[in-house]
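Worksheet: one structure, shown below.
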Amino acid sequence: YDGVLVNGSGVEGEGTTARITQPGTYMITGICDNGQIQVELTKEDKAQLVLGGINLRCQDSAPLYVLSADKVSLTLAPGSVNTFTDAAVYTRVFEKMPNACIYSRDDLTINGAGTLVVNAQNNNGIGCSNDLKIVGGSISVIAPKNALKGNDSVAIMDGSLTLKAGKDGIKSENADEIGKGYVYIAGGAIDISAGDDAIQGQQDVTVTGGSVAVSAGGKTVNSKGTQEIVSGVITKK
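Mapping of the sequence shown onto the numbering used here: residues 3 to 239, in sequence order.
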């Protein structure tokens, strides 16, 4: 697909759009200055996308859009550098539009030992309508709005994260369902520069480990529910 190769049995190509329609593991590599990877599975199916060195820009939408799945994992291959850049204005039409450079309507997990660079120009950096979990990798996100946004939750277990956001650094906003709308940080080295709040959980924020360095125009931690923060984990830059 114009320099981007998606290896797997359940992938379809149309121009510079690759559609993953079957569960399984897919290796993605290469360079494309105007393309998109779409994942459209049943709500019972899972896919693992192994990023082995990709530089993908989309000039009319989000370069990676998970329309439906049970869960999708992005695995950053060791030593790989993977860069995603979206359009400043989204004109490609979907029934439900993405609102982040990497966007999933279902659960999204990021793991591995490689590097992920997200250059968002439209809205959020990495966004998920359900649960967003980060368990590894070196991740850099620049976004005009929120750097990381999981509607139901954002959980960070490990990894090295540099987040630069025009609004919130890390945000979860489900206010309607019990046990959701939370941010949970148990590990990792996180550096946040935010125009508004550094960490915003609509319901609860729990920080039990890792290190979080914060520069924020708003609050360091903002939530309407409980805040359980281990002393010394969050510091101001």
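Cβ coordinates follow ideal geometry from the N, Cα and C atoms, glycine included. Every value quoted in this text rests on a predicted model; they were computed, and no experiment measured them.
Find the nearest neighbour of residue i within the set the options, judged by alpha-carbon distance.
i, options, result
"Ala167", "Gln202, Glu14, Tyr92 and Glu179", "Gln202"
"Leu1", "Cys60, Ile33 and Asp47", "Since the displayed the chain opens at 3 and closes at 239, residue 1 lies outside it and no answer follows."
"Asp199", "Leu66, Ile141, Asp170 and Glu175", "Asp170"
"Ile194", "Ile39, Asp178, Thr222 and Ile180", "Thr222"
"Cys161", "Lys147, Glu179, Gly181 and Thr117", "It is worth fixing the name first, because residue 161 is Gly in this sequence and not Cys. Nearest C-alpha to Gly161: Thr117."
"Ile158", "Phe96, Leu134 and Glu179", "Leu134"
"Asp109", "Ser75, Ala115 and Val119", "Ser75"
"Gly183", "Gly211, Lys147, Gln40 and Gln229", "Gln229"
List the residues that DSSP assigns as beta-bridge partners of residue i.
i, result
"Asn224", "Gln202"
"Cys34", "Leu58"
"Ser217", "Ser195"
"Arg21", "Glu14 and Gln40"
"Met29", "Asn9 and Val52"
"Val185", "Val156 and Val207"
"Tyr67", "Gln40 and Tyr105"
"Lys151", "Gly129 and Lys173"
"Ser233", "The partner list for Ser233 (beta bridge, DSSP) is empty, contrary to what the question assumes."
"Lys135", "Thr111 and Ala157"
"Ser162", "Ser140 and Ala191"
"Lys239", "Answer by DSSP bridge pairing: none, since Lys239 is not bridged."
"Phe253", "Residue 253 cannot be examined here, being either before or after the span of the chain that is shown, 3 to 239."
"Lys73", "Lys48 and Asp109"
Excluding the 5 residues preceding and the 5 following residue i in the sequence, name in chain order all residues of the same chain whose CB lies nearer than 6 Å to its CB.
i, result
"Gly227", "Gln205 and Asp206"
"Ser213", "Ala191"
"Ala145", "Ala122, Asn126, Gly127 and Ala167"
"Glu64", "First, the amino acid is wrong: residue 64 is Ala here, not Glu. Result list for Ala64: Asp88, Pro100, Cys103 and Tyr105, in chain order."
"Val185", "Val156, Ile172, Ser174, Ile201, Gly203 and Val207"
"Ser131", "Arg107 and Asn153"
"Leu165", "Val143, Ala149, Gly171 and Ile194"
"Thr237", "Ala215"
"Asn224", "Asp199 and Gln202"
"Thr27", "Gln50"
Would you say residue i and residue j are within 8 Å of each other, going by their C-beta atoms?
i, j, result
"Asn84", "Gly55", "yes"
"Asn124", "Ala149", "no"
"Ile30", "Leu51", "yes"
"Lys73", "Thr111", "yes"
"Val137", "Asn176", "no"
Since residue i contacts residue j with CB under 8 Å, what's their CB separation in whole angstroms?
i, j, result
"Leu78", "Gly139", "4 Å"
"Val12", "Ile22", "Per the sequence shown, residue 12 should be read as Gly rather than Val. Contact holds; Cβ gap of about 6 Å."
"Lys48", "Ala71", "7 Å"
What residues in its chain sit with their C-beta under 7 Å from that of residue i, if we drop five residues either side in the sequence?
i, result
"Gly2", "It is not possible to answer for residue 2, since the shown part of the chain is limited to 3 through 239."
"Asn36", "Thr18, Arg59, Cys60 and Gln61"
"Arg94", "Asp62 and Ser63"
"Leu69", "Gln40, Val41, Glu42 and Arg107"
"Asp178", "none"
Within 8 Å of any Cβ in chain D, is that where the Cβ of residue i sits?
i, result
"Gly227", "Given the protein chain composition of this structure (a single chain), no chain D is represented."
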